[in-house]
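Just so we're aligned, residue 4 is where the sequence shown starts under this note's numbering, counting upward by one.
Backbone N, C-alpha and C define an ideal beta-carbon position, used for all residues, glycine too.
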Amino acid sequence: MRATLVSAALALSTLTVPAVAFAQTAPAEPPLADQPVTTGSGTGESGAPPGQPGGIREQPAAAAQHTPGETTAGAKVDLLSRLDPELFGYVKLGYFFVTSPSNDALVGSNSGFRLVNARIGVSLHPAKDLEAVISIDGAAPMRRDLDPLEGSRVVALRDGYLDYRVSPYLRIRGGQFKAPFNAEVLLPDDALPFISRSIVSEGVLPPEGFARSGLSLDRQIGLQISSDRLGGDVGVQYAVALVNGNGANVLNNDNNSVTPVARLSAGYRDLVTVGANGFYNSATYGERPVRIDETRLGYGGDVTVNVAGVNAFAMVLFQSLHHLDVGIPDEQAMGIVAQAKYVYEPVGIEAGVRFDRLEPSDVQTNDMLTEIIGMVGYRVKGFPARILAQYTHRIEEPGASIDNDSVDALAQITF
Numbered sequence: 004m005r006a007t008l009v010s011a012a013l014a015l016s017t018l019t020v021p022a023v024a025f026a027q028t029a030p031a032e033p034p035l036a037d038q039p040v041t042t043g044s045g046t047g048e049s050g051a052p053p054g055q056p057g058g059i060r061e062q063p064a065a066a067a068q069h070t071p072g073e074t075t076a077g078a079k080v081d082l083l084s085r086l087d088p089e090l091f092g093y094v095k096l097g098y099f100f101v102t103s104p105s106n107d108a109l110v111g112s113n114s115g116f117r118l119v120n121a122r123i124g125v126s127l128h129p130a131k132d133l134e135a136v137i138s139i140d141g142a143a144p145m146r147r148d149l150d151p152l153e154g155s156r157v158v159a160l161r162d163g164y165l166d167y168r169v170s171p172y173l174r175i176r177g178g179q180f181k182a183p184f185n186a187e188v189l190l191p192d193d194a195l196p197f198i199s200r201s202i203v204s205e206g207v208l209p210p211e212g213f214a215r216s217g218l219s220l221d222r223q224i225g226l227q228i229s230s231d232r233l234g235g236d237v238g239v240q241y242a243v244a245l246v247n248g249n250g251a252n253v254l255n256n257d258n259n260s261v262t263p264v265a266r267l268s269a270g271y272r273d274l275v276t277v278g279a280n281g282f283y284n285s286a287t288y289g290e291r292p293v294r295i296d297e298t299r300l301g302y303g304g305d306v307t308v309n310v311a312g313v314n315a316f317a318m319v320l321f322q323s324l325h326h327l328d329v330g331i332p333d334e335q336a337m338g339i340v341a342q343a344k345y346v347y348e349p350v351g352i353e354a355g356v357r358f359d360r361l362e363p364s365d366v367q368t369n370d371m372l373t374e375i376i377g378m379v380g381y382r383v384k385g386f387p388a389r390i391l392a393q394y395t396h397r398i399e400e401p402g403a404s405i406d407n408d409s410v411d412a413l414a415q416i417t418f
């Protein structure tokens, strides 16, 4: 009996030893996440075998043993590759100093460092010729109503829109975006020639000066159709939009009317561009039931010249304000800008001068403001950084003259 058991054990060992050896030397099936997954139309361009729809390869049976987490990670990577995301943004930090400081005055106080802005955005491409853009300001100013020098900086949506390019002649955009008015405002915020835009576009606020509103529209919520630059050396471009007219990040329109905005530009190569634009806005202000209605007609033109490292820009804007309520006179506003900037690319040194004048109202007295600005800067070679120093001489009318020249510096990093 014992001899029989020994013989059976020897026979079993001769079968199991090779099997164990095979199990130790056979290569393991690679994880699903390490296997390239290709998609396509079955033409072979994506590596998919002909006859398999979508170019999906048959996975080995061992693939079914992998965890759902690995499959989810692969799906996320595939989603990102299809959206083709592009990140963009900038950070601006400045030091702002009014030459005749006063700690208690509305104008001339609060000199010091400011986080001008910190923006981050992403551009997504979910389909051919379709782009989704979202950008957020991480340091948007929120001022107190009673004291414009007090407040905080908050996170706020800046851009949020879809843009579909049907053809070179037609693009459709919807969401929150820059209205097609004022060439200076349409410049990217990270590519401004000076520390800020002109007072004609943005107005002025304490502590640099007494509050005056600019003549532009900035970002709005609505729909726009536009074109690429059409033509050869001589080209034209158009943009027409219907927007609410009451600004960005608002809950609703201020009334039942929308604001038409239009811009047409023509240019010769990249040397000269001439533009004209306008808008008509029916606006409503105040708390219910006591509300004020008015209409604004804005229009103007601009010219840009680029030659031999010099960028020259001139603009004029007009605005007619009609108060619908009895007893409030109509008003006319005007602004002009003339500026030139030179960049010596081999070194990265730049310099510029600007003259701008804003007349916010022909009814209000002593509200006209003139600025004369000198700027020098340096663009760091091989690094997306820019440093600016700027002196601003401000001239008010005699009845409201104040010593409020300023010396400002700005550091900017763009990505």
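Rounded to the nearest whole angstrom, the CA to CA distance from residue 183 to residue 189 is 7 Å. If you draw a 10 Å sphere on the C-beta of residue 261, you find 16 or more other C-beta atoms in it, and that means buried.
Scanning the region 131 to 202 for uninterrupted alpha helix (DSSP H) segments of 4 residues or longer gives 186 to 189, listed from N- to C-terminal end. Looking at the DSSP output, residue 360 sits in a beta bridge with 339 and 373. Nearest to residue 251 by C-alpha distance, out of 172, 160 and 293, is 160. Between residue 90 and residue 136, the C-beta gap is not smaller than 7 Å, which leaves the two residues out of contact. Distance from the CA atom of residue 112 to the CA atom of residue 277, rounded to whole angstroms, is 40 Å. The beta carbon of residue 157 sits closer than 6 Å to the beta carbons of 143 and 145 from its chain, once the five residues preceding and following it are set aside; these are given in chain order. Assigned with DSSP and collapsed to three states, residue 205 falls in helix. Exposed is the label assigned to residue 79, since fewer than 16 other Cβ atoms lie within 10 Å of its Cβ.
By the neighbour-count criterion, in which a residue is buried when 16 or more other Cβ atoms sit within 10 angstroms of its Cβ, residue 164 is buried.
Of all alpha-carbon atoms in 371, 402, 379 and 410, the one lying nearest the alpha-carbon of residue 203 is that of 371. As DSSP reads the structure, residue 284 sits in a beta bridge with 299.
Cβ contact annotation for residue 269 (same chain, cutoff 6 Å, sequence separation greater than five): 239 and 277, in chain order. In this structure, DSSP gives residue 79 a helical state, which the three-state scheme calls helix. In this structure residue 178 is buried. Its beta-carbon is surrounded by 16 or more other beta-carbon atoms within 10 angstroms. If you draw a 10 Å sphere on the C-beta of residue 307, you find 16 or more other C-beta atoms in it, and that means buried. Residue 208 and residue 360 have their alpha carbons spaced roughly 15 Å apart.
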